Amino acid sequence: EPEVTQTPSHQVTQMGQEVILRCVPISNHLYFYWYRQILGQKVEFLVSFYNNEISEKSEIFDDQFSVERPDGSNFTLKIRSTKLEDSAMYFCASSDRGQAPLHFGNGTRLTVT
Amino acid sequence: GQNIDQPTEMTATEGAIVQINCTYQTSGFNGLFWYQQHAGEAPTFLSYNVLDGLEEKGRFSSFLSRSKGYSYLLLKELQMKDSASYLCAVRDENTDKLIFGTGTRLQVFP
Chain A
1 EPEVTQTPSH
11 QVTQMGQEVI
21 LRCVPISNHL
31 YFYWYRQILG
41 QKVEFLVSFY
51 NNEISEKSEI
61 FDDQFSVERP
71 DGSNFTLKIR
81 STKLEDSAMY
91 FCASSDRGQA
101 PLHFGNGTRL
111 TVT
Chain B
114 GQNIDQPTEM
124 TATEGAIVQI
134 NCTYQTSGFN
144 GLFWYQQHAG
154 EAPTFLSYNV
164 LDGLEEKGRF
174 SSFLSRSKGY
184 SYLLLKELQM
194 KDSASYLCAV
204 RDENTDKLIF
214 GTGTRLQVFP
């Protein structure tokens, strides 16, 4: 069964550093998402992306965050200057149409020290 | 505003049936989803309701009442591997984003 893949599985970085989290969505999917989950808390929406542009973003997704689909397969989330409170599990998800269930990747655990 | 409520924790016995409730108050509604999440892993899609009624999928069923802002997930013939968190999520009417509840942690005992 096709799946969403994310790399790396775990990223440790120092406060103020830039990180790029990578995702390869399911190949025929058109809608892409980033969510995050702080340890012990709920899954929170960050951003949705369709047709090569952001379709919606949350209050969390401030100027420090950006997304990109640099080619036909990758979907990246960049955090320019990480803060301690950015430590969380970041999940990429994709769907083949706007109303379809989301398929999540296994996540990248980001630890900011 | 957006508010999704589910019990924090539940316990059940192997072979039994358990019902996990979810109530929601959202500014719009375009479907309700249930996901399973094992600790440290990704949410896995279980079921989806957009119309009132029951959707059955093997050992799992999900029910929706839009007028009551209420859903439940029913798990039958519980197995030890069903120990996980169960996340209720509502799709916003005007966008395609999912709004998640805090999840219900289910522990299944032998």
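Protein chains in written order, with this note's numbering: chain A, 1 to 113; chain B, 114 to 223.
For each residue, glycine too, the CB sits at the ideal point set by N, CA and C.
Please read all numbers here as calculations on a predicted model, not as lab measurements.
Where residue i sits in the DSSP three-state scheme
i, result
"Glu85/A", "helix"
"Lys194/B", "helix"
"Gln14/A", "coil"
"Lys170/B", "strand"
"Lys181/B", "coil"
"Ala125/B", "strand"
"Leu39/A", "coil"
"His103/A", "strand"
"Phe61/A", "coil"
"Ile130/B", "coil"
"Phe213/B", "strand"
Rounded straight-line distance, which links the Cα of residue j to that of residue i
i, j, result
"Gln192/B", "Thr108/A", "29 Å"
"Glu154/B", "Ser198/B", "10 Å"
"Cys135/B", "Ser184/B", "5 Å"
"Gly214/B", "Gln14/A", "31 Å"
"Leu39/A", "Phe176/B", "29 Å"
"Val4/A", "Thr126/B", "33 Å"
"Ala202/B", "Val43/A", "9 Å"
"Phe49/A", "Leu164/B", "27 Å"
"Arg80/A", "Asp86/A", "11 Å"
"Tyr161/B", "Val67/A", "28 Å"
"Asn28/A", "Lys194/B", "31 Å"
Contact check, residue i vs residue j, beta carbons under 8 Å
i, j, result
"Phe61/A", "Arg69/A", "no"
"Thr217/B", "Gln138/B", "no"
"Arg204/B", "Phe146/B", "yes"
"Asn207/B", "Gly141/B", "yes"
"Ile130/B", "Leu219/B", "no"
"Leu46/A", "Ser58/A", "yes"
Buried/exposed call for residue i, threshold 16 Cβ in 10 Å
i, result
"Asp71/A", "exposed"
"Met89/A", "buried"
"Asp209/B", "buried"
"Asp63/A", "exposed"
"His103/A", "buried"
"Pro2/A", "exposed"
Minimum C-alpha distance to residue i - residue among the options
i, options, result
"Lys78/A", "Leu21/A, Tyr50/A and Gln37/A", "Leu21/A"
"Leu186/B", "Asp209/B, Gln149/B, Pro156/B and Leu164/B", "Gln149/B"
"Asp96/A", "Ser55/A, Ile26/A and Leu84/A", "Ile26/A"
"Leu188/B", "Gly128/B, Ser178/B, Pro156/B and Ser180/B", "Gly128/B"
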